[in-house]
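In the working numbering, the protein residues as written are 3 to 392.
Where is the CB? At the ideal position from N, CA and C, for every residue including glycine.
A short write-up of the structure that comes next.
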Ligand code: PLP
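This is how it looks when you write it as structure tokens:
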């Protein structure tokens, strides 16, 4: 029987698809913003479950809600009504100020649904997306994703998608004709290198969509649920999406996704879309607990103030080895002078886990519950590592 941690990671590698480049680290336990490996070593988690752990690991309110629901009912397709789903949907729609919601299981699925709904609603075929945009790996979501190495092996994709530079209204206006069903955009480009929308950009995108009869899909899979200092990041920008896609931290770590449907979309025709696990009571119970925590604690405010203070610190004391700092709230990117991969490795050896965003950007997505001294410790370790890096 295989029992040692080394044997188990070899076993995992031998049976996994191979699609993931795994780090040499086995995580067995998490609490708040701290992760532990097989030897009990402690890591400050600035990966945050790749954005799925805004509330931290094993948040007690989510654990309690899931345990309660697990003992009651775990499976209930949307063939039937369910009281937890009913109340969760109402709470989510209220929070987003949008009338309806379709529940699914991941970010790619949420974007996939949004693209289908846009075609259904407008009767148009084509889409506009942005350069450096990332929207997921299923065929539709991949079609609107920018990175060619992700897309090209899987072509042909879903038809005409026009990619325009992010934060550039003129280029958008030039391609937004009457074949375009929707424009899809992130509020802060995450995977594409941590690029926030400039003030006024999203309002102009919305105005053009309205003027040209296209829908506006706002992808908040990574920026949603308090990450940037408001419940949803687009609330900084004073816009109202027609379709708002959510996932990652939506259910405290359980797999879930959602598409909020605005007034310009309305209700979907029966049987036009569906998902066996979509709206399952376990995910709804977790999602409801997440909303409750975010709406009744200081966590979102905390993301804003902690994030602002780190951003301000690095704006005035940019670490050696970095060219620029960008971000909103606790979504922070340092554009480096060299490759990020070796920096991530050294940080891991120093007890700090972080993410890349492309090859040159160090990305931090710590849980919003991170202790202040842990966050500043991570900041100082990053500075020390970058001082020696390039
Ligand atoms: N959209 C954005 C903005 C994302 O950052 C991601 C994942 O990183 C996705 C969509 C895809 O989400 P998932 O991995 O849940 O399919």
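In its own chain, which residues sit with a C-beta less than 7 Å from the C-beta of residue 169, not counting the 5 before and 5 after it?
The count along the chain shown starts at 1 and reaches residue 169 at position 167. Taking residue 169 as the centre and dropping the five residues before and after it, the same chain places the C-beta of 199, 200 and 203 closer than 7 Å to its C-beta, in chain order.
For ligand 1, is there any heavy atom lying closer than 8 Å to the beta carbon of residue 376?
Counting from one through the chain shown, the residue named residue 376 turns up at place 374. No; taking the cut-off as 8 Å, the Cβ of residue 376 has no heavy atom of ligand 1 nearer than that.
Distance cut-off 8 Å: residue 239 Cβ against heavy atoms of ligand 1:
Looking up residue 239 in the chain shown gives position 237. The answer is no for residue 239.
Based on Cα-Cα distance, which residue from 154, 129, 195 and 158 lies nearest to residue 166?
Indexing the chain shown from 1 puts residue 166 at position 164. Nearest option by C-alpha distance: 129.
Check whether the Cβ atoms of residue 124 and residue 273 lie closer than 9 Å to each other.
Stepping through the chain shown from its first residue, residue 124 is reached at position 122. Stepping through the chain shown from its first residue, residue 273 is reached at position 271. In this structure, residue 273 does not lie closer than 9 Å to residue 124 by Cβ.
Which one or two residues does DSSP pair with residue 129 in a beta bridge?
Counting from 1 along the chain shown, the entry for residue 129 is found at position 127. Its beta-bridge partners are 163 and 184.
Please tell me whether, using a cut-off of 8 Å, the distance from the CB of residue 250 to the nearest non-hydrogen atom of ligand 1 is below it.
Within the chain shown, the letter at position 248 stands for residue 250. The answer is yes for residue 250.
Would you say the beta carbon of residue 188 comes nearer than 8 Å to a heavy atom of ligand 1?
The residue labelled residue 188 in the question sits at position 186 within the chain shown. Answer for residue 188: yes, Cβ within range of ligand 1.
Just how far apart, CA to CA, sit residue 9 and residue 52?
Translated into positions along the chain shown, residue 9 becomes position 7. Translated into positions along the chain shown, residue 52 becomes position 50. Cα to Cα, residue 9 sits roughly 26 Å from residue 52.
Which whole-angstrom value describes the C-beta separation of residue 253 and residue 108, a residue pair presumed to lie in contact below a C-beta threshold of 8 Å?
In the chain shown, residue 253 corresponds to position 251, counting from 1. In the chain shown, residue 108 corresponds to position 106, counting from 1. The Cβ separation is near 11 Å, so there is no contact.
Using three-state DSSP, classify residue 168 as helix, strand or coil.
For this step, residue 168 is matched to residue 166 along the chain shown. Residue 168 falls in the coil class under three-state DSSP.
Through-space distance from residue 386 to residue 145, alpha-carbon basis
Translated into the one-based positions of the chain shown, residue 145 becomes position 143. Translated into the one-based positions of the chain shown, residue 386 becomes position 384. So the alpha carbons of these two residues sit roughly 40 Å apart.
Please state the DSSP three-state secondary structure of residue 317.
Numbered from its first residue, the chain shown carries residue 317 at position 315. Helix, per DSSP.
Apart from the five residues on each side of it in sequence, which residues of its chain come closer than 8 Å, Cβ to Cβ, to residue 153?
For the purposes of this step, residue 153 is identified with residue 151 of the chain shown, where counting begins at 1. Result list for residue 153: 144, 145, 147 and 159, in chain order.
Tell me whether residue 60 sits in a helix, a strand or coil according to DSSP, three-state version.
Numbered from its first residue, the chain shown carries residue 60 at position 58. Coil at residue 60, not helix or strand.
Is the beta carbon of residue 245 less than 9 Å from the beta carbon of residue 94?
What you label residue 245 is simply residue 243 of the chain shown in a count that begins at 1. What you label residue 94 is simply residue 92 of the chain shown in a count that begins at 1. No, the Cβ-Cβ distance between residue 245 and residue 94 is not below 9 Å.
Is residue 259 near ligand 1, judged by its Cβ being under 8 Å from some heavy atom?
Position 257 of the chain shown holds residue 259. Because some heavy atom of ligand 1 lies under 8 Å away, the Cβ of residue 259 counts as near it: yes.
Can you give me the start and stop residues for the beta strand (DSSP E) that residue 363 sits inside?
Translated into the one-based positions of the chain shown, residue 363 becomes position 361. Run containing residue 363: 363 to 366, per the beta strand (DSSP E) assignment.
Give the single residue among 162, 302, 194 and 190 whose Cα lies nearest to the Cα of residue 151.
In the chain shown, the residue the question calls residue 151 occupies position 149. Nearest of 162, 302, 194 and 190 to residue 151, Cα basis: 194.
For the beta strand (DSSP E) containing residue 266, name the first residue and the last one.
Along the chain shown, read from residue 1 onward, the residue named residue 266 stands at position 264. Residue 266 -> no beta strand (DSSP E), and no H or E assigned at all.
Own chain, CB closer than 8 Å to residue 190, minus 5 neighbours either side, in chain order
Within the chain shown, residue 190 is the residue found at index 188, counting from 1. These residues qualify, in order along the chain: 196, 197, 198, 199, 224, 225, 230, 235, 329, 330 and 333.
C-alpha distance - residue 206 paired with residue 171, whole-angstrom precision
Looking up residue 206 in the chain shown gives position 204. Looking up residue 171 in the chain shown gives position 169. Whole-angstrom Cα-Cα distance: 7 Å.
Got a sec, what are the start and stop residues for the beta strand (DSSP E) residue 333 sits in?
By 1-based counting over the chain shown, the position of residue 333 is 331. Looking at the DSSP string, the run of the beta strand (DSSP E) that includes residue 333 is 333 to 338.
For residue 239, which of 214, 80 and 188 has the nearest alpha-carbon?
Here residue 239 refers to the residue found at position 237 of the chain shown. Cα-wise, what sits closest to residue 239 is 188.
What are the boundary residues of the beta strand (DSSP E) that includes residue 22?
Taking the chain shown and counting its residues from 1, the one referred to as residue 22 is at position 20. Looking at the DSSP string, residue 22 is not in any beta strand (DSSP E), and its letter there is neither H nor E.
Using a Cβ-based criterion (distance less than 8 Å to any ligand heavy atom), does residue 143 qualify as near ligand 1?
Start at 1 with the first residue of the chain shown, and residue 143 comes out as number 141. Within the chosen limit of 8 Å, ligand 1 reaches the beta carbon of residue 143 through at least one heavy atom.
Tell me, to the nearest whole angstrom, how far the beta carbon of residue 381 is from that of residue 364; I am working on the premise that it is less than 8 Å.
Position 379 of the chain shown, counted from the first residue, corresponds to residue 381. Position 362 of the chain shown, counted from the first residue, corresponds to residue 364. 11 Å between Cβ atoms; not a contact.
Among 360, 295, 282 and 348, the one whose alpha carbon lies nearest that of residue 74:
To locate residue 74, count along the chain shown from 1; it is residue 72. Cα-wise, what sits closest to residue 74 is 282.
Exposure label - residue 451; buried when at least 16 CB within 10 Å
Residue 451 cannot be examined here, being either before or after the span of the chain that is shown, 3 to 392.
Could you tell me which of 308, 317 and 321 sits nearest to residue 367, measuring between CA atoms?
Here residue 367 corresponds to residue number 365 of the chain shown, with the count starting at 1. With distances taken between Cα atoms, residue 367 lies closest to 308.
Given residue 110, which residues of its chain have a CB within under 6 Å of its CB, disregarding the five upstream and five downstream residues?
In the chain shown, counting from the first residue as 1, residue 110 sits at position 108. Excluding sequence neighbours, residue 110 sits near 138, 139, 140 and 143.
Can you give the beta carbon distance from residue 63 to residue 371, rounded, assuming they're within the 8 Å contact cut?
Walking along the chain shown from the start, residue 63 turns up at place 61. Walking along the chain shown from the start, residue 371 turns up at place 369. About 11 Å; that fails the 8 Å criterion.
For residue 191, does the three-state DSSP call read helix, strand or coil?
Start at 1 with the first residue of the chain shown, and residue 191 comes out as number 189. Strand, per DSSP.
Residue 109 beta carbon near ligand 1 (any heavy atom closer than 8 Å)
For the purposes of this step, residue 109 is taken as the residue at position 107 of the chain shown. Yes, Cβ of residue 109 sits closer than 8 Å to a heavy atom of ligand 1.
With DSSP as the reference, identify every bridge partner of residue 47, one or two as the case may be.
The residue labelled residue 47 in the question sits at position 45 within the chain shown. In the DSSP output, where bridge partners are listed per residue, residue 47 has 355.
Would residue 54 and residue 251 qualify as a contact pair, given that the criterion is a beta-carbon distance under 9 Å?
Against the chain shown, residue 54 aligns to sequence position 52. Against the chain shown, residue 251 aligns to sequence position 249. Against a cut-off of 9 Å, the Cβ pair of residue 251 and residue 54 comes out as a contact.
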